[in-house]
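Read in the working numbering, the sequence shown has 39 at position 51, and its numbers run on one by one without any break. For every residue, glycine included, the Cβ atom is placed at its ideal position computed from N, Cα and C. Keep in mind the model is a prediction, meaning the values are calculated, not measured.
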Amino acid sequence: KSVVHGLWKGSLSVGMLSPRLQRAVKDYLNNNKHGVAYRGHRKALQNGQQVLCELKKRQKVRTLDGAEKPFSNLGWQKIVPALPLSQIYGSGFQTCAVVTSAGAMLHSGLGKEIDSHDAVLRFNTAPTKGYERDVGNKTTVRIINSQILANPKHQFNTSSLYKNVTLVAWDPAPYTLNLHKWYSNPDYNLFTPYMEHRMHYPAQPFYILHPKYIWQLWDVIQGNNLENIQPNPPSSGFIGILLMMSLCEEVHVYEYIPSLRKTDLCHYHERYFDAACTLGAYHPLLYEKMLIQRMNVGSEEDLKRKGKVTLPGFRNVHC
Ligand code: C5P
-11 KSVVHGLWKG SLSVGMLSPR LQRAVKDYLN NNKHGVAYRG HRKALQNGQQ
39 VLCELKKRQK VRTLDGAEKP FSNLGWQKIV PALPLSQIYG SGFQTCAVVT
89 SAGAMLHSGL GKEIDSHDAV LRFNTAPTKG YERDVGNKTT VRIINSQILA
139 NPKHQFNTSS LYKNVTLVAW DPAPYTLNLH KWYSNPDYNL FTPYMEHRMH
189 YPAQPFYILH PKYIWQLWDV IQGNNLENIQ PNPPSSGFIG ILLMMSLCEE
239 VHVYEYIPSL RKTDLCHYHE RYFDAACTLG AYHPLLYEKM LIQRMNVGSE
289 EDLKRKGKVT LPGFRNVHC
């Protein structure tokens, strides 16, 4: 097998993870916390164009619109933004940047390039302040997991990270999409803080991703592998990339597929080291990355130097 910047060409397998990470994957498979029961096909090694077509067909960005129970009974139709996420930016953006939080962003000097895009997506608690040279300072959309809303340490209500941006939150629901079960037992309770935030700041676009969207993305990842992938939702990174592919003509993703700066440093903004951040333990991150790498239309040089993958927006995918 030929090694490509620390990731691999061809079929990827869990055997390439360290024994510790392999054990973690096995535990997640045995535990199957979200009750995943995949019934679709399994076809390894589809080429990039086939993957693009399948994603285009199966992804349809969907957020909670309050029309389904139990949300309808709780008056959520008046709580969610009037316009769906797919419509707030009119005809969308020309070029977009997805900035992962990987440690390899440090010393990248990519800030100017990132800010030159029409829209920039960032994740969770990733800051720009103090890191402008490497990650830029423009933020258009921020994807946040439910822990950010539920854990007071993140200061969701007061931190400037979550102001003047479009917020997109998510939480793992049961694979069966039982919304009642999800509402009464989310991973972290994001529903109450979401409602409160909506009432205080009705003008800020703030959405919760529909679990159907998340699990459909997972299905595409599993459908492209012969082995069982982790039965847990895709990472925020994968979700964010797909979201931007529906809003932009062209998407530039930074340090999702690692550059030559590849490091075990988990986040560029924290001194914490763990290979699982880049390769995945809970999330099927390695499999996500193989799919994304296959769709790359950018150059080898961009991948090596910038950790940059270039993807067409779905409007530019013709199947
Ligand atoms: O850790 P967090 O989920 O906030 O990071 C945002 C996203 O960036 C992850 O979901 C993952 O897709 C990507 N990431 C990565 N490698 C890292 C850290 C984050 O690919 N070392």
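Check                                                                                                                                                                                        : Outcome
Residues bridged to H255 by DSSP?                                                                                                                                                            : A90
Say yes only if the C-beta of Y176 is nearer than 7 Å to one or more non-hydrogen atoms of the ligand C5P, and no if none qualify.                                                           : no
Kindly indicate the opening and closing residues of the beta strand (DSSP E) around W203.                                                                                                    : Note, W203: premise wrong, no beta strand (DSSP E); alpha helix (DSSP H) at 199 to 211.
Excluding five sequence neighbours on each side, which residues of the same chain lie with their C-beta closer than 6 Å to the C-beta of K151?                                               : none
Does DSSP put D221 in a helix, a strand or coil?                                                                                                                                             : It is worth fixing the name first, because residue 221 is Pro in this sequence and not Asp. It is coil, neither helix nor strand.
Note down the Cα distance separating R30 from P181, rounded to an integer number of angstroms.                                                                                               : 39 Å
Please classify F261: is it buried, with 16 or more other beta-carbons within 10 angstroms of its beta-carbon, or exposed?                                                                   : exposed
Between the C-alpha atoms of H271 and V305, what's the straight-line distance to the nearest angstrom?                                                                                       : 27 Å
Along the chain, where does the alpha helix (DSSP H) containing L98 start, and where does it finish?                                                                                         : Here L98 belongs to no alpha helix (DSSP H), and DSSP marks it neither H nor E.
Is L273 near the ligand C5P, in the sense that its beta carbon is under 7 Å from a heavy atom of that ligand?                                                                                : yes
Quick check: the Cα distance between C41 and C307, rounded to an integer number of angstroms?                                                                                                : 6 Å
Where does Q65 sit, in a helix, a strand or coil, going by DSSP?                                                                                                                             : helix
Between the Cα of L165 and those of M232, H255, I202, R46, spot the shortest distance and give me the residue it belongs to.                                                                 : I202
Rounded to whole angstroms, how far is the Cβ of H240 from the Cβ of K296, which I believe are closer than 8 Å?                                                                              : 6 Å
Just checking Y150 against the ligand C5P - is the residue's beta carbon closer than 7 Å to any of the ligand's heavy atoms?                                                                 : no
If I follow the unbroken beta strand (DSSP E) through L194, where does it start and stop?                                                                                                    : Checking the displayed sequence, the identity of residue 194 turns out to be Phe instead of Leu. First-last of the beta strand (DSSP E) with F194: 194 to 196.
Between Y16 and N212, is the Cβ-Cβ spacing less than 8 Å?                                                                                                                                    : no
Which word fits Q281, buried or exposed, when buried means at least 16 other C-beta atoms lie within 10 angstroms of its C-beta?                                                             : buried
May I ask you to list the residues that DSSP assigns as paired with E238?                                                                                                                    : T83, P300
Under a Cβ-count criterion, where at least 16 other Cβ atoms within 10 Å of its own Cβ denotes burial, should N35 be classed as buried or exposed?                                           : exposed
With a Cβ-Cβ cutoff of 8 Å, do G99 and V123 count as a contact?                                                                                                                              : yes
Return helix, strand or coil for N18, following the three-state DSSP convention.                                                                                                             : helix
So is the beta-carbon of S89 under 7 Å away from any non-hydrogen atom of the ligand C5P?                                                                                                    : yes
Quick check on A107: does DSSP put it in helix, strand or coil?                                                                                                                              : strand
Where does T180 sit, in a helix, a strand or coil, going by DSSP?                                                                                                                            : helix
Would you grab the beta carbon distance between L299 and M283 for me? Rounded to a whole angstrom, and I think it's under 8 Å.                                                               : 5 Å
Compare the Cα-Cα distances from G352 to each of Y242, I217, Q75 and report the closest residue.                                                                                             : Nothing can be reported for residue 352: it is not among the residues displayed for the chain, which extend from -11 to 307.
Starting from the C-beta of Q210, find all residues in its chain whose C-beta is less than 6 Å away, skip the five residues before and the five after it, and write them out in chain order. : Y26, I217
Ordered along the chain, which non-local residues of its own chain (more than five positions away) have a Cβ less than 7 Å from that of H198?                                                : R50, T51, L52
With distance defined between alpha-carbon atoms, name the residue in L230, P72, S247, A263 nearest to R303.                                                                                 : L230
Check whether the Cβ atoms of A157 and I132 lie closer than 8 Å to each other.                                                                                                               : yes
Given the structure, does F226 come close to the ligand C5P, in the sense that its CB is under 7 Å from one of the ligand's heavy atoms?                                                     : yes
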